[in-house]
Amino acid sequence: MVDFDSIVELTWCINEKSRPWKYWHIFASIDEIKMSIHEVPFRKIGRDANGMADSLAKSGCFRSQMFFVDW
1 MVDFDSIVEL TWCINEKSRP WKYWHIFASI DEIKMSIHEV PFRKIGRDAN
51 GMADSLAKSG CFRSQMFFVD W
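Note that UniProt numbering numbers the sequence shown so that position 5 is 5, with each residue one more than the last.
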């Protein structure tokens with residue numbers, strides 16, 4: 001399940017026609033993952049209910065390099 005606190009980004013993942021062109025490479029990767037998993041539910045969730053994702057998103061805005069986590 002993929003949770004979003006922004007209806008705009010949620011719409012971009014669901015509706016291909018609404019996507020900004022400058023992010024095509026990101027959405028191409030998302031679409032590949034969706035096809036390999038076959039069923040990826042997307043849902044809108046409030047920021048207060050998704051505190052960890054909100055914190056990571058905010059801290060990522062100020063980083064010069066991305067970090068990766070390997071499970």
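Quick reminder that beta carbons are idealized off the backbone N, C-alpha and C, glycines included.
How far does the alpha helix (DSSP H) with residue i in it extend, from its first residue to its last?
i: K34; result: 24 to 37
i: W12; result: 7 to 14
In the DSSP assignment, find the unbroken beta strand (DSSP E) run with residue i in it and report its ends.
i: K44; result: 42 to 44
Measuring alpha carbon to alpha carbon, tell me which of the options ends up nearest residue i.
i: E39; options: I14, S18, I7; result: I14
i: I7; options: I45, I30, I26; result: I45
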